[in-house]
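Residue numbers (my numbering): -16 to 227.
Beta carbons: idealized from backbone N, C-alpha and C, even for Gly.
Treat the numbers as computed from the prediction; the structure is a model and nothing was measured.
Notes for the one structure printed next.
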Amino acid sequence: MSTELLLLLFTGVFSMALLYSSVGHAGASGYIAVMSLLSLAPATIKPTALALNILVASIAAWRFGRAGHFRWPLFWPFALLAIPMAFVGGHLDLPVWVFQKLLGAVLLLSAWHLFARVGPEKDMHSPPWWGALLCGGAIGLLAGLTGTGGGIFLTPLLLFAGWAKAKEAAAVSALFILCNSAAGLLGNWASTASLPGFILPLLVIAAVGGWLGAGWGSSRFSPALIKRFLAAVLVVAGLKLLLT
């Protein structure tokens, strides 16, 4: 990989870790967008995104939890089936064209979520346990297949259904992403037993961005403008994958 390409990759990963962690996400769909725009191989994109997700999600989960936003009773029903299904999804090796189309759809869905305006918070109520189990399992499988942590699906679900307030959803999603990403990477490792050689500097860069972003998001940062910027990037990358 050329020096110019590496610099673009490092800048993109830092920016995505910073911006995504501010809303309780780990940035997988953003890393995927950056790597897709730089034309990295799909076999490289998936494990790299998962490894970065584990690190940044750990930071976000700790910082949002420390700020008092985490709810264990909300987390575990979604995570119970999600974690083993993420392992299954990470182990599966889809044909390249299927991976690209599925990934493109995931990126566009992420863009929709980032563009969507969340209205006044609804009256909060707990999700039915069976609904949480089924939704968690489906999100975990898709997370493992695509190399994401599933937060782009869980967060809007929690908010739109009235199951969590914004920062509670962020805190729960951060730990959910961490668990799914770890399971997905284990599944991918069992299948391929390989990580790209440039992963270590990327982890350092993502850690710095994740620490700064999660600190802002858990206390005082408003993500509205950043969400729109990220959505534009995801739209470009998603369309690139779907139309090629």
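- Contact between the region 213 to 224 and the region 7 to 21 is present: 3 or more CB-CB pairs across the two stretches fall below 8 Å.
- The beta carbon of P30 sits closer than 6 Å to the beta carbons of N171, L178 from its chain, once the five residues preceding and following it are set aside; these are given in chain order.
- DSSP places R203 outside both helix and strand once states are collapsed to three, so it counts as coil.
- In this structure, the CA atom of L161 is about 15 Å from the CA atom of S5.
- Here W172 carries a helix assignment [DSSP, helix/strand/coil].
- If you draw a straight line from the Cα of L116 to the Cα of V89, it comes to about 21 Å.
- In the DSSP assignment, A16 falls within the alpha helix (DSSP H) that extends over 11 to 20.
- DSSP places L1 in the helix class (H, G or I) of the three-state scheme.
- Relative to L128, the option among W55, A40, L57, F70 whose CA is nearest is F70.
- Nearest C-alpha to M68 among G132, S109, F53: G132.
- Contact between the region 148 to 164 and the region 181 to 195 is absent: fewer than 3 CB-CB pairs across the two stretches fall below 8 Å.
- Between G87 and L224, the C-beta spacing is below 7 Å.
- The beta carbon of G10 lies closer than 6 Å to those of M(-1), A0, Y3, V39 in the same chain, with the five residues before and after it left out.
- Between the C-alpha atoms of E(-13) and A190 there is a straight-line separation of about 22 Å.
- Within the region 15 to 81, the runs of alpha helix (DSSP H) that reach at least 4 residues and sit entirely inside it are, in chain order, 25 to 49, 55 to 74.
- Annotation: the continuous alpha helix (DSSP H) that includes L141 extends over 134 to 143.
- Apart from sequence neighbours up to five positions away, the residues of its chain that approach A144 with a beta-carbon distance below 7 Å are P110, ordered along the chain.
- Distance from the CA of W80 to the CA of G51, rounded to the nearest whole angstrom, comes to 43 Å.
- When DSSP states are grouped into helix, strand and coil, K84 belongs to the helix group.
- Assignment of S156 by DSSP, reduced to helix, strand and coil, places it in the helix class.
- In the DSSP assignment, T129 falls within the unbroken alpha helix (DSSP H) covering 112 to 129.
- With a cutoff of 7 Å on beta-carbon distance, A44 and L158 are scored as near each other.
- A direct Cα-Cα distance of roughly 7 Å separates A197 from G7.
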